[in-house]
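Protein chains in written order, with this note's numbering: chain H, 988 to 1143; chain S, 15 to 294.
All residues carry an ideal CB built from backbone N, CA and C; glycine is no exception.
In this text, all values refer to a predicted model and were calculated from it rather than measured experimentally.
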Amino acid sequence: MSNQLIRHILLGIFFVLLDVLFFQHLSVFNATADPLLCYLLWIIQKYDRVPLLIMAASLALLQDALFDFWGIMMFSKTLTIFLVYNFIKRKSEAQLLLWQIFLIIFMGALIHNIILFALSSFFIAFATSYSPFTIIFGNTFYTALIGLLIYIFRKR
Amino acid sequence: MQFRVFKVENASDYIITALILVFALAIAINRHQDGLNSLRQISITVVSVLEEPLSNVRVYRQALRTNTYLQEQNILLQDELSRLRAIEQENIELRKLLNYQNNSNFDLQPVRFVTKTLNGINNTFTVNAGSKQGVEVGMPVITSDGLVGKVIITASNYSQVMPYFNNLFRVSARIQQTQSMGIVSWPGDNMSELVMDFVPKTIPVDSGFVVETSGFGNEFPGGIPIGTVLYTEEEEGKDTQKIYLSPFTSLSEVSEGFVIKFQPDSTLDSLSIQTQSLFR
């Protein structure tokens, strides 16, 4: 296992903990950001699909455990990464503008949240106090915004 | 348009993804089983331990919100308390007036002071009773504490009152303890004293003596308290003394009172006219 992989796994755990301890309390109109998803979208450019899928599944399982979702995040994040992998991999070869970064994260988060909502509706795992609109669009927008900010700070 | 086609070399990606998804679904379906329940207990414990230090921040944020809410409530309660205190004071005053009305022999018309002008020499009040209620010009206005003034103008439902702090106000008075007579008026220099004139120097007057209306002059009934003696002052070159009084009724605080429906004795009036005609 390379040093880079270990560092990325530890960073992933850090983002999960950040989500549990910090971001879940920073809700805006009941919408919450998902920093782990931003992180996974960011490291797509650095890995092949299979190791990335395994890493995403593992980190999402940790997130599931800490949020007591058990399998839902793992499913939605794995499927999202699988679906957007080729597109982001291609796009990351070019220099992107800020609005393009925002749009890519927005689309990724939208796919993730639609899967999440569909699956959670299926299992009736989510508390019903969340409205579909908030989960699909609110969380998506908020996640994309946070991802963009992380990107900006990382660049500086 | 170019479509992406399935490639055999990517089959492992699909298989691994499918396996992960099936595993995730299996976990989601079996989350309430015994095996996962113990894991859930561990994860809940871990989250609780991690979140405990941050709970203080949430408590602080909640305390700030509670503080704002309590401040709003405090303002509302202060306002309510202020109004209740005013009502309590009014209640005490009305009870005193009611008690006075029950024990008085006069025909009394209860009134409320609707306007007060107490900033000059010609001070006036307005009360909410007029000719329709039987109020007439010259009738005395009192509270349970004592004299306030007299009616000078009447309208149908309102009357204007000249209070004792008016430089035109005069009332025939007597000192209760000595029965000596005089005229009470307002010197006009301050809003806390009245002066009683024409009391001979030979009459011993001490502070604390009570001064009341005499009933002479056929304008006010006798026995209405006016005030207590503060001090006396001998007048240079005259046989009389000035007696300074502290009035019983505080005009700045008065809000309710009575008009005494006092009718001057017409026999006394006609006698007075006849007497004056003898000396013309």
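Taking the Cα positions, F1062 of chain H is about 37 Å away from Y74 of chain S. With a contact defined as Cβ atoms closer than 8 Å, V225 of chain S and M210 of chain S qualify at about 6 Å. Secondary structure note for S52 of chain S: its alpha helix (DSSP H) is the uninterrupted segment D48 to N117. Taking 8 Å as the CB threshold, V1071 of chain H stays off the interface with chain S. For N990 of chain H, the secondary structure class from DSSP, reduced to helix, strand or coil, is helix. The CB of R1036 of chain H comes closer than 7 Å to the CB of D27 in chain S, given here in chain order. Sequence-ordered contacts of the region 1038 to 1069 of chain H with chain S read L1040, A1044, A1052, L1053, D1055, W1057, G1058, I1059, M1061, F1062, T1065, L1066 and F1069 [C-beta pairs closer than 7 Å].
Secondary structure at L182 of chain S: coil, using DSSP grouped into helix, strand and coil.
Nearest to M1060 of chain H by C-alpha distance, out of H:L1048, H:L1013 and H:F1069, is H:L1048. A residue is called buried when at least 16 other Cβ atoms come within 10 angstroms of its Cβ; L282 of chain S does not meet this threshold and is exposed.
If the five residues before and after Q123 of chain S are omitted, its C-beta is found closer than 7 Å to the C-beta atoms of A143, Q147, G148, V149, F272, V273 and K275, all from its own chain and listed in chain order. Under the three-state reduction of DSSP, I1000 of chain H is assigned to helix. For a Cβ distance threshold of 9 Å, nothing in chain S lies close to V1003 of chain H: the least Cβ distance comes to about 11 Å. Each of H:I1075, H:A1081 and H:G1058 was checked against the Cα of L1103 of chain H, and the nearest Cα belongs to H:G1058. Boundaries cannot be given for M153 of chain S, as no alpha helix (DSSP H) includes it and DSSP labels it neither H nor E.
Going by beta carbons, N44 of chain S and L53 of chain S fall outside the 8 Å limit. Secondary structure at L122 of chain S: strand, using DSSP grouped into helix, strand and coil.
Residues of the region 1012 to 1027 of chain H with a Cβ closer than 8 Å to any Cβ of chain S, in chain order: H1012.
If you draw a straight line from the Cα of L1083 of chain H to the Cα of I1091 of chain H, it comes to about 10 Å.
A residue is called buried when at least 16 other Cβ atoms come within 10 angstroms of its Cβ; N1100 of chain H meets this threshold and is buried. The beta carbon of L1008 of chain H sits closer than 8 Å to some beta carbon of chain S. Contact between S260 of chain S and T242 of chain S holds: their C-beta atoms lie close to 6 Å from each other, under 8 Å.
Listed along the chain, the chain H residues whose CB falls inside 8 Å of the CB of S57 of chain S are A1052, L1053 and D1055. Around the beta carbon of A1096 of chain H, 16 or more other beta carbons sit within 10 angstroms, so the residue counts as buried. Residues of chain H with a Cβ closer than 9 Å to the Cβ of T140 of chain S do not exist, since the nearest Cβ in that chain sits about 58 Å away.
With three or more CB-CB distances shorter than 8 Å, the region 1064 to 1083 of chain H counts as touching the region 25 to 36 of chain S.
Between the region 183 to 194 of chain S and the region 206 to 220 of chain S, the count of C-beta pairs closer than 8 Å reaches three or more; the two stretches touch. Below 8 Å, too few C-beta pairs join the region 108 to 115 of chain S and the region 127 to 142 of chain S to call them touching: fewer than three.
For D121 of chain S, the number of other beta carbons within 10 angstroms of its own is below 16, and it is reported as exposed. Beta bridge pairing from DSSP links A1018 of chain H with H:V1015.
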